[in-house]
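Everything below concerns the one structure shown next.
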Amino acid sequence: MTLPLQDQIRAALSTVDDPELGVNIVDLGLVRSVEISGVSVEIGLCMTTPTCPLGGLIAEEAALAVSQAIGPEFAVKVLLDRTVQWIPDFADAGVLEAFTPQPSRLGQAISSALSGFWSRK
Amino acid sequence: MSVIRQGVSRSKVPHVLLGLCAAISLAVGLAAGLSRLGLLDFAVSIADRHGAFMLCGFFGTLISLERAVASGQSSAFLVPGLSAAGAVLLFLDPVASGLLFGMAGLGLLGLTAQAAFRLPQLFTGIMVIGAALWPAGTIWWLLGGGLPEASYYWLSFLVMTITAERIELARLRMTGAGAAKVLTAIVALFCLALVAGEPLSGDFGVSTLVLMPLALVCLAVWLAANDIARTTIRKCGLARFSAFALLAGYGWMVIAAALLVILPPAQTASGHDAVIHALGLGFVLSMVFAHAPIILPAVAGARVRYVPALYLPLALLQLSCLLRTSGDLFGKTDFVSLSAWLTLGSLLVYAGLLAGTALSFRPKGHAVFSESLK
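In order, the protein sequence lines correspond to chains A and B. Note that the UniProt record's numbering numbers the first sequence so that position 103 is 103, with each residue one more than the last. Note that the UniProt record's numbering numbers the second sequence so that position 89 is 89, with each residue one more than the last.
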């Protein structure tokens, strides 16, 4: 059984990592759209920041991964949209959770001690 | 309405040429550095410009190139172009070279301000401050101020730029508004220290430096606490390697702060040497080692990739920094000389390993990629 095309494309895109974070571009929320009409596939990507030079490279890798996954009969086009502003909320809850600092015992002790200084009691 | 540009025909030639200029500047800067220590004869005539080659010619060109690639506009390549031309002129005419670096610095300030305008956030703001410090130091130098003072401005340009790039990624950690306020205060303190003339002259009438060491320690602690490196060190491969290099870099920032107090650069030449290299080698070069396998493919089109052997040059670099700072601290010139060769060695091993991965790269196919510009 083969997966629907949309899922195949998403699966191929999730093999492409943002090299700096080690997180794939689907989970990171960089894939904004996947449009299929006939044999043409158009993928819209955004970048995490306008100061990051990696966008072009990630787009190239995404195009390569998708065209290898779905075969040469499809024309794959990746659009890097510099007008979309990525925000952390675009990322999967799991990704955000993994990066959220786990409060350590020492950290908690320090922060409770510090907040003691500010308390009005 | 968007303009579609076909990516396949997109030429990487300017990237490669500009990257090459930066690399040549690095090589020349290293030769000048060795001559400065009396270890090499042929670069004696430019030995006094070691800092300018490294900080402006290499890092200035590289960071401008990075920002130009990110902006996606062809005209933006003028900025690294000016900087590369400045690096070439540094051989012949330092004043003309300073003018070009100054213009490149203002250009970088423009590019960064443009990004900050599109995404007004703390990290883009800090990046703008960093970009402003490059032309600030250059103008100081052009107006007859000393190269040592200018070097601290240039080094601060790198410290602020790297800080901004790291907190861009720290956004994923969902740090609260409190952390952002603390960082704003630290950056303000750092800038105040710099404007007050620290570390070379400003001491507000007290004999020990206070502002800059304090700012550096706070910055290092803030970065170590908030950087995603603390999460990615538990991953594997490049992410883990980068995390090691990053955390080592933050450690060197603390050491630089300690050296500012123990060996004030205003009082001894070895203090200046120790602080400059704790920051320049320990912090900045560790950051370069952490990011090069990620950034080089994007900015120079070099198909390099991470290999675990890269831990070797990273370890050599840390050892070299340790020798450098302890040599300065205890007056052992042998240590300083050995450190210079070791730094060169670590860079050569690092570059050699990356070049090896580029040569063994097998293109997987042909991709179609296009880009929409506003």
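The beta-carbon is built from N, C-alpha and C at its ideal position, and this holds for glycine as well. All values reported here derive from a predicted model rather than from experimental measurement.
query: Expected contact under 8 Å - CB spacing of residue 111(B) and residue 79(B) to nearest Å; result: 6 Å
query: C-beta neighbour in chain B for residue 53(A), strict 7 Å; result: yes
query: Cut-off 7 Å between Cβ atoms - residues of its own chain near residue 40(B), not counting five sequence neighbours on either side; result: 31, 34
query: In DSSP terms, what residue 57(B) is bridged to; result: None, per the DSSP bridge assignment.
query: Under 7 Å by beta carbon: chain A residues contacting residue 119(B); result: 49, 50, 85
query: Closest by C-alpha distance to residue 27(A), when choosing among 8(A), 64(A), 90(A), 66(A); result: 90(A)
query: Uninterrupted beta strand (DSSP E) stretches inside the UniProt domain "MIP18 family-like" (7 to 78) of chain A (no shorter than 3 residues); result: 31 to 37, 40 to 47
query: Neighbour list for residue 138(B) in chain A, Cβ cutoff strictly below 8 Å; result: Ordered by position in chain A, no residue passes the 8 Å Cβ test against residue 138(B), which lies about 21 Å from the chain.
query: Chain A within 7 Å of residue 423(B), Cβ atoms only; result: With chain B covering only 1 through 374, there is no way to say anything about residue 423(B).
query: Counterpart residues of residue 48(B) in DSSP-defined beta bridges; result: Note: residue 48(B) sits in no beta bridge, so no partner.
query: Status (buried if at least 16 other CB within 10 Å, exposed otherwise) for residue 35(A); result: exposed
query: Which of helix, strand or coil DSSP assigns to residue 82(A); result: strand
query: Per-residue DSSP class, three states only, for residue 86(B); result: helix
query: C-beta contact flag for residue 300(B) and residue 15(B) at 7 Å; result: yes
query: DSSP three-state assignment for residue 204(B), whether helix, strand or coil; result: Legend: pLDDT at residue 204(B) = 49, less than 50; position of this residue unreliable, no value from coordinates given.
query: Residue 74(A) at chain D interface by Cβ criterion, 7 Å; result: Included in the structure are the protein chains A and B, with no chain D among them.
query: Residue 12(B): first and last residue of the uninterrupted alpha helix (DSSP H) it sits in; result: First-last for residue 12(B): undefined, no H or E at that position.
query: Minimum C-alpha distance to residue 156(B) - residue among 122(B), 199(B), 123(B); result: 199(B)
query: Short CB-CB distance (under 7 Å) between residue 294(B) and chain A; result: yes
query: First through last residue of the alpha helix (DSSP H) which encompasses residue 328(B); result: 311 to 330
query: Nearest residue (CA-CA) to residue 360(B), options 337(B), 169(B), 304(B); result: 304(B)
query: Limits of the alpha helix (DSSP H) - the one that residue 235(B) falls within; result: Looking at the DSSP string, residue 235(B) is not in any alpha helix (DSSP H), and its letter there is neither H nor E.
query: Unbroken alpha helix (DSSP H) run spanning residue 335(B), endpoints; result: 333 to 359
query: When 50(A), 69(A), 61(A), 44(A) are compared against residue 67(B), the one with the closest alpha-carbon; result: 50(A)
query: Contact with chain B by residue 19(A), beta-carbon distance below 7 Å; result: yes
query: Cβ neighbours of residue 344(B) in the same chain (closer than 8 Å, five flanking residues each side left out); result: 30, 34
query: Cβ-based neighbour list, residue 204(B), same chain, cut-off 6 Å, excluding 5 preceding and 5 following; result: Annotation note: pLDDT 49 at residue 204(B) (below 50); position unreliable, coordinate value reported separately. No residues qualify anywhere along the chain.
query: Endpoints, alpha helix (DSSP H) assigned at residue 213(B); result: 211 to 226
query: Test: residue 99(A) CB closer than 7 Å to a CB of chain B; result: yes
query: Cβ contact check for the region 205 to 225 of chain B and the region 248 to 267 of chain B: 3 or more pairs under 8 Å; result: yes
query: Continuous alpha helix (DSSP H) assignments of at least 4 residues falling wholly in the region 257 to 297 of chain B; result: 269 to 277
query: CB contact flag (residue 78(A), residue 109(A), <7 Å); result: no
query: Contact belief for residue 54(A) with residue 298(B) at Cβ below 8 Å, rounded distance in angstroms; result: 5 Å
query: Closer than 7 Å to chain A by CB, residue 297(B); result: yes
query: Chain B contact for residue 22(A) (CB, 7 Å cutoff); result: yes
query: At least 3 beta-carbon pairs within less than 8 Å: the region 161 to 169 of chain B vs the region 137 to 150 of chain B; result: no
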